[in-house]
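Below: the structure, in structure tokens.
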Amino acid sequence: MLASVVTAALLAGGSIGFAGPTSAQNSPTWRMPDVRGMILQRAVKDVAEVAAPAELNFVFQDTKGPREVINLTNWTVCATSPSRNGRINPKTKQVIFAVKRAADATCR
1 MLASVVTAAL LAGGSIGFAG PTSAQNSPTW RMPDVRGMIL QRAVKDVAEV AAPAELNFVF
61 QDTKGPREVI NLTNWTVCAT SPSRNGRINP KTKQVIFAVK RAADATCR
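To convert, note that position 84 of the sequence shown is 84 in the UniProt record's numbering; the numbers rise steadily by one, no gaps.
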């Protein structure tokens, strides 16, 4: 599935990063909060706060196929990688959200 920056034209998914002030952290330990069932915009905010001030790379994957993720308030989180309470890798700083449109009945 394709992933691109949210500010660019989104195809099958997207990625977004949040930057904050720099920090002198050597080996941060970031734990993934449970954001399943949340509106994607809120989930991204909650996960970004866990790693603040570091920048994370968010990847969005539609569970129903190649639909564009543009407005984060129109999507609901089905699953994440890492999963709840999992360690967010400080080297890759990547978090994957499996999402569905808020109007979809199920994640599958």
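Glycine included, C-beta positions come from ideal geometry on N, C-alpha and C.
Just so you know, these numbers come straight off a predicted model, no measurement behind them.
What does DSSP give as the partner residue(s) for Arg108 in the beta ladder?
DSSP, once it has assigned bridges, lists no residue as partnering Arg108.
Run through DSSP, which three-state label would Asn74 get?
Reduced to three states, the DSSP call for Asn74 is helix.
Roughly how many whole angstroms lie between the Cα atoms of Ser81 and Gln41?
Rounded to whole angstroms, Ser81 to Gln41 spans 17 Å at the Cα level.
Where DSSP assigns a beta bridge to residue 115, which residues make up the other side?
What is shown of the chain runs 1 to 108, which leaves residue 115 out entirely.
May I have the straight-line CA-CA distance separating Thr106 from Lys100, to the nearest angstrom?
Their backbone Cα atoms lie some 8 Å apart in a straight line.
Which stretch, first to last residue, makes up the alpha helix (DSSP H) that contains Asp46?
Asp46 -> alpha helix (DSSP H) spans Leu40 to Ala51.
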